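Peer 1: I am attaching a structure below and will ask some questions about it afterwards.
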Amino acid sequence: MNKIYRSIYNESLGAWVAAPEFTIAKAKKNSSNIGSGLKTHFGFAVTTLAAGIALAWGAQVVAAPLNIILMGDDATNECSYLIDGKVGKNCSDLQSPPDTKPGNNSITIGNGAQALAKGSISIGKNATVTTDAFEAIVIGEEAQAKARRTVAIGYNAQTHTVGAVAIGSESQAKGQDAVSLGKDAGKGSEGVRFTSIGGLSGQNSFGDHNIVIGSKAGNNIGTQDNPSPQNIYIGLNAGNNSKASATGFPGYIKAKGHNIGIGNDAGTVVTGDLNVGIGQLAGKFTKGSANTAMGALSGLQVKGERNVAIGAFAGGQVYGDFNIAIGDSAGGGLLSSDEKRIKRSTSIGRSAKAYAHDAIALGTDAKAGIKDESETKRGAIAIGTGAEATARQSIALGSAWRDDNKILEERHTKATGYKSIAFGSGSQSEGSQSIAIGINADAKDSYSLAIGDAVKAEKEESIAIGHGARSTGAIQNVAIGSRSAVDGRLSLAIGQGAEALTTEGRATAVGAGTKASSQFATALGTFAAATAHGSSSIGPLSTASANFSTALGYRSEVTASDIVTGGKTKFSNVDVNEGAIGVVSVGRSGSMYTGAPNTTPRRIINVQGGINDTDAVNVLQLQTVYDELKNLYNSGGNGGTGNGGGQFGLSDENNKEFKQDLDTTAQIVGAGGITTTVIDTADGKKALEVGFSNDILIGGPGKDGKDGKDGSIGVKGADGKSGVAINGKDGSIGLTGPAGADGKSPEAVIRVKDGKPGINGKDGETMTRIVYTTPDGKEQQVATLSDGLKFAGNDGLVARELGQTLNIVGGAARADSTYSTTNVTTVASGDKLEIQMADSPKFSGEVQAEGGISITDHLTVNPGTTVNMGGNRITNVGPAKEDSDAATLGQVKELTRNLSNGYNALQRNIEKVRRDSNAGTAAAIAVAGLGQPYQPGQNMVSLGSGVWRGETGYALGVSTISDNGKWLLKGAVTGSGRGGVGGSASINYAW
């Protein structure tokens with residue numbers, strides 16, 4: 001064994017190095033040139049080299065033998081060595097086994113180390129440079145270099161091919177110019193210029209020109225049978241389990257591999273070529289080629305070719321080719337299975353989704369197509385925030401409409417019909433090939449067209465154009481103009497505010513403010529109105545409100561009163577044809593404007609004379625008729641005297657008549673209360689009104705020798721029988737009712753006479769009464785309001801007329817109380833009605849006794865019942881004996897005293913424990929402050945004290961360290977200001 005001669009301590013590294021004694025002795029005698037031009041003192045060189053290695057390794061003391069071989073030129077056989085404590089300069093003395101001779105100009109340092117190739121360096125236990133590994137460098141235990149110009153540094157680091165570099169524990173570089181940096185980097189991998197940087201990176205991967213950077217990056221890339229070349233993976237776990245396609249990318253590049261993954265877990269589990277994934281988890285699980293994913297979690301689970309995903313979460317779960325997704329969560333989750341692939345879709349914007357072939361979704365939350373219907377919804381285009389185009393070749397262009405006042409709900413732009421178009425914020429086209437253009441425009445059915453703000457075309461082939469235009473009801477309606485409106489079917493409204501509103505349809509309104517509100521109605525001209533079936537109003541402010549009528553010209557009017565629906569025609573006395581309805585008006589009966597005549601007719605000029613019965617006549621034809629009638633009148637007719645001669649006659653009910661000359665007046669007078677009066681009618685004509693005077697007299701006294709007569713009035717029914725008979729003789733009224741079941745009619749005679757006074761009348765007084773006599777001769781009086789009832793109690797009498805109120809009251813009522821009849825009943829006894837109360841009443845509410853309640857036997861309170869003392873005391877209570885008894889105040893005070901005494905005792909005990917605990921903590925602090933020796937062979941006595949929350953502690957300690965510095969013995973005794981002593985002891989070993 002070597003004896004330590006001197007320990008060398010490095011102040012900066014804190015390391016000790018021990019040099020053998022014989023090294024110094026031999027260093028004084030031996031020196032040699034090592035290699036070409038190497039001249040140094042061997043002992044000093046070897047010692048210094050050993051010390052440097054020890055310092056580099058941070059060893060405390062290096063006392064074990066260190067083997068070093070410095071090999072010179074093979075021709076001169078110059079060699080210096082230090083092996084097993086022996087120093088020499090002739091390597092032939094080593095007696096090495098065959099094929100283990102150090103190479104020329106090589107350096108070998110370490111037990112079992114070998115540098116067998118020319119110019120190689122091998123440092124470390126069992127470090128090896130094979131015979132073919134010229135100019136290779138290995139540093140580290142078990143490190144190996146098996147090819148020329150390679151570098152292997154680290155435990156079991158290995159290089160297998162020319163120019164390879166492996167740095168890191170168990171790192172491997174297999175492939176020309178391959179580089180592996182990091183623990184286990186490149187392990188099990190093979191490829192020309194394969195670069196792995198990072199712990200556990202590039203393992204079990206195959207392919208040339210790959211670059212992987214990052215912890216655990218680039219593992220399991222390709223296979224031996226199907227290597228994946230020219231990939232780049234940067235980031236934790238980036239590119240793991242990625243494979244190239246079997247045949248390479250089919251395009252003009254014809255490349256295999258060429259994938260890029262940058263970011264943690266980017267590009268992992270990829271199968272295909274020319275894929276790019278940049279961002280955490282970007283491009284993971286991709287199957288296919290030429291796909292691009294940029295952004296955290298973008299391009300996940302993509303299957304297909306030439307897809308692009310840019311943005312966090314963009315383009316995930318896409319099955320198909322040539323799809324583009326740009327924006328946060330854009331284009332993700334488009335399809336649920338590989339069988340429903342999608343091609344050439346474009347999704348741009350946050351959460352934008354293009355679900356169909358050739359579909360485009362542009363804008364936040366824009367949707368084009370429907371999930372899993374890529375073929376049937378192909379070509380859909382949605383542009384704008386929240387825009388939706390969900391039908392084949394549909395187009396939705398416009399962002400969602402939002403109410404500035406935040407009252408109405410948000411409305412999205414939607415095109416849901418086949419080849420439909422929605423253009424404008426909130427516009428929606430629902431029908432096939434429908435078009436909606438404008439803010440909140442609606443085209444709801446096939447081939448409908450809506451253009452303008454807030455317009456609606458509701459049914460098939462309907463049209464609505466203009467702000468607020470509405471085309472509703474049925475198909476093929478047209479509304480053109482601001483706030484125009486159409487209902488029904490085949491109706492037309494053109495103009496600002498024009499309306500063709502009728503459920504039957506086929507109405508036409510043209511002009512601002514026009515209205516056609518019935519079937520086949522037509523209104524043409526500003527504010528023209530046709531409101532009746534088949535009516536027409538042509539001209540500004542014209543009105544046609546009669547069926548099949550026509551109003552022509554400004555303010556012309558036809559009303560229902562202008563229509564004749566029965567009777568005879570004038571002059572011809574021909575029956576009016578019920579089917580011949582409708583008239584034509586060219587003016588109006590009222591004033592057209594302020595200051596104009598009340599009646600405003602128009603002339604119809606250039607009218608040809610009529611021929612047929614239904615033809616119109618002109619003034620010339622009427623003048624001819626007038627002239628002929630005038631001549632006839634003047635001649636007296638049929639050879640008369642002329643000047644309008646002739647008579648007319650009247651007769652009475654007895655056929656007595658009188659005759660009156662024409663052109664004279666016959667007076668008609670009334671009698672017996674009947675009057676006659678000439679009046680003006682509403683249409684300006686004269687009429688004779690026959691009526692009754694204020695007093696009608698039937699019957700009367702005798703006069704001028706004639707007897708008087710009793711008058712009477714009888715009212716008979718339809719059967720001819722008298723129902724009411726008023727007799728003027730005695731003022732009675734006879735009444736006969738309808739026959740009953742027995743066929744007899746009830747009868748009664750009503751008259752007035754003196755009768756009993758009312759309830760407040762006095763004895764001897766009378767009052768006029770209405771009485772009626774039944775057929776059996778009995779009289780019945782009719783009660784009046786002055787009649788009534790008298791009520792007698794135990795004390796007193798009360799009278800009340802009919803209609804008056806008799807108040808029957810008890811004691812003072814309380815608004816907060818409830819009442820019932822449970823304990824009270826009424827019993828009829830003779831001419832009395834008795835109010836009786838139960839002998840044992842029961843009450844559901846509270847019972848109050850202001851004078852108090854005296855209980856002679858016992859008081860029982862039912863279970864679950866609450867007793868409310870109202871804040872009053874219960875006095876004279878006996879001490880409780882049973883658990884359910886009420887306690888007295890004296891018992892409660894006694895319990896309080898006992899609890900207080902117990903609590904005070906507990907507090908004193910707690911305070912004592914607290915102070916003892918604080919004292920123990922202070923003693924522990926005192927022990928913690930004791931010192932100990934730090935140099936081998938030192939001893940120490942230490943005294944410490946501690947304070948914790950007002951309590952004090954002290955400690956005395958003794959410690960020693962062994963001469964070799966590995967054993968430390970410690971003991972301590974501690975106490976506190978509250979008494980008590982403790983101790984501790986420990987044995988410690990350091991290495």
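Residue numbers (my numbering): 1 to 991.
Note that beta-carbon positions come from the ideal geometry of N, C-alpha and C, so glycine has one too.
The structure displayed is predicted, hence computed values, not measured ones.
#1: Grab me the residues of Pro757's own chain with a C-beta within less than 6 Å of its C-beta, minus the 5 sequence neighbours each way, in chain order.
#2: Which same chain residues end up closer than 7 Å to Lys753 when comparing Cβ atoms and leaving out the 5 residues on each side of it in sequence?
#3: Measure from the alpha carbon of Ala922 to the alpha carbon of each residue in Asn904, Arg949, Lys912 and Val941, then state which is nearest.
#4: Any idea if Ala532 is buried or exposed, counting beta-carbon neighbours within 10 angstroms, 16 or more meaning buried?
#5: In three-state terms, what does DSSP make of Lys912?
#6: Near Ala972, which residues of its chain fall below 7 Å by C-beta distance, leaving aside the five closest residues on each side in sequence?
#7: Within the continuous beta strand (DSSP E) that includes Lys832, where are the two ends?
#8: Residue ranges of each beta strand (DSSP E) run of no fewer than 3 residues wholly in the region 135-194, ordered along the chain?
#9: Between the C-alpha atoms of Asn264 and Leu236, what's the straight-line distance to the nearest angstrom?
#10: Spatial neighbours of Arg411 within its chain, please: CB distance less than 7 Å, with the 5 preceding and 5 following residues excluded, ordered by chain position.
#11: Quick one: using the 10 Å Cβ neighbour count with 16 as the cut-off for buried, is Asp403 buried or exposed?
#12: What residues in its chain sit with their C-beta under 6 Å from that of Ser448, if we drop five residues either side in the sequence?
#13: Chain C beta carbons: is any one of them nearer than 8 Å to that of Ile381?
#14: At the level of alpha carbons, what is the spacing between Ile407 and Gly363?
#15: Which residue or residues does DSSP assign as beta-bridge partners of Lys243?
#16: For Ile262, list the residues DSSP reports as bridge partners.
#17: Secondary structure at Glu894, three-state DSSP: helix, strand or coil?
#18: Could you check which residue in Ala739, Val486, Gly920 and Ala469 has the C-alpha nearest to that of Ser945?
#19: How would you label Ala990, buried or exposed, when you count the other beta carbons within 10 angstroms and need 16 or more for buried?
#20: Taking all protein chains shown into account, do 16 or more other C-beta atoms lie within 10 angstroms of the C-beta of Val165, making it buried, or fewer, making it exposed?
#21: Excluding sequence positions up to five away, which residues of its chain have a Cβ less than 6 Å from the Cβ of Ile53?
#22: Do Gly525 and Thr514 count as a contact pair if the criterion is CB distance below 8 Å?
#23: What does a CB cutoff of less than 6 Å around Thr292 pick up in its chain, not counting 5 residues either side in sequence?
#24: Can you tell me the Cβ-Cβ gap for Asn240 and Thr268, rounded? I've got them flagged as a contact below 8 Å.
#25: Just tell me which of Gly191, Asp225 and Gly182 has its CA closest to the CA of Ser1003.
#26: Under 7 Å Cβ to Cβ from Gly609, same chain only, skipping five residues before and after it: list those, please.
#27: How is Ala924 classed by DSSP in three states: helix, strand or coil?
#28: Should Ala687 go down as buried or exposed, given a rule of 16 or more other Cβ atoms within 10 Å for buried?
#29: Only counting the same chain, and skipping five residues up and downstream in sequence, which positions put a Cβ closer than 6 Å to that of Ala783?
#30: Between Tyr819 and Val847, what straight-line distance do the alpha-carbon atoms span, to the nearest angstrom?
#31: Can you give me the Cβ contacts of Glu11 inside the same chain, cut-off strictly under 6 Å, excluding the 5 residues immediately before and after it?
#32: What do you reckon, are the CB atoms on Ala528 and Gly511 nearer than 8 Å?
#33: For the beta strand (DSSP E) that Thr768 lies in, which residues bound it at each end?
#34: Mapping the DSSP letters down to three states, classify Leu956 as helix, strand or coil.
#35: Are Ala217 and Gly198 close, meaning C-beta to C-beta below 8 Å?
#36: Can you list, in chain order, the residues of its chain with a C-beta nearer than 6 Å to that of Ala799? Leave out the 5 residues immediately preceding and following it.
Peer 2: Once the coordinates are examined:
#1: For Pro757, same chain residues with a beta-carbon under 6 Å away, outside a window of 5 residues either side, are Glu765 and Met767 in chain order.
#2: The residues are Arg769 and Val771.
#3: If we check each option's Cα against that of Ala922, Arg949 comes out closest.
#4: Buried, since its Cβ has 16 or more Cβ neighbours within 10 Å.
#5: Reduced to three states, the DSSP call for Lys912 is helix.
#6: Val927, Leu930, Ala955, Leu956, Gly957, Gly983 and Ser984.
#7: From DSSP, the beta strand (DSSP E) with Lys832 extends over Lys832 to Met837.
#8: Whole beta strand (DSSP E) segments, 3+ residues: 137-139, 151-153, 165-167 and 179-181.
#9: In a straight line, the C-alpha of Asn264 is about 4 Å away from that of Leu236.
#10: Exclusion of the five residues before and after Arg411 leaves Ala400, Trp401, Gly426 and Asn440 as the residues of its chain whose Cβ lies within less than 7 Å of its Cβ.
#11: Here Asp403 is exposed. Its C-beta has fewer than 16 other C-beta atoms within 10 Å.
#12: Closer than 6 Å at Cβ, skipping near neighbours: Gly431, Ser434, Ala457 and Ser462.
#13: In the displayed structure, chain C is absent; only one protein chain is listed.
#14: Taking the straight line from one Cα to the other gives about 25 Å.
#15: Per DSSP, Thr271.
#16: DSSP output for Ile262 lists Ile234 and Ile278 as bridge partner(s).
#17: If DSSP states are grouped into helix, strand and coil, Glu894 belongs with the helices.
#18: Closest option to Ser945, Cα to Cα, is Gly920.
#19: Answer is exposed; the Cβ neighbour count stays below 16.
#20: Buried is the label assigned to Val165, since at least 16 other Cβ atoms lie within 10 Å of its Cβ.
#21: No answer about Ile53 holds up, because its pLDDT of 44 lies below 50 and its placement is not dependable.
#22: Yes.
#23: Spatial neighbours of Thr292 in its own chain (CB-CB distance under 6 Å, excluding positions within 5 residues in sequence) are listed in chain order as Val276 and Val308.
#24: Between Thr268 and Asn240 the Cβ distance is about 4 Å, and since that is below 8 Å, they are a contact.
#25: Since the displayed the chain opens at 1 and closes at 991, residue 1003 lies outside it and no answer follows.
#26: Hits under 7 Å: Val617, Asn618, Leu620 and Gln621.
#27: Note: Ala924 maps to helix in three-state DSSP.
#28: Per the 10 Å Cβ criterion, exposed.
#29: Around Ala783, the same chain offers no residue with a beta carbon nearer than 6 Å, after the five sequence neighbours per side are excluded.
#30: Cα to Cα, the separation comes out at about 12 Å.
#31: Confidence is the limiting factor: at Glu11 the pLDDT is only 41, short of 50, which leaves the residue's position unreliable, though a coordinate-based value still follows. Excluding its 5 nearest sequence neighbours in each direction, Glu11 has no C-beta neighbour in its own chain below 6 Å.
#32: Cβ atoms of Ala528 and Gly511: closer than 8 Å.
#33: Start and end: Met767 to Thr773.
#34: DSSP places Leu956 in strand when its eight states are reduced to three.
#35: Yes. Within cutoff.
#36: Excluding positions up to five away in sequence, the list reads Ile759 and Lys790.
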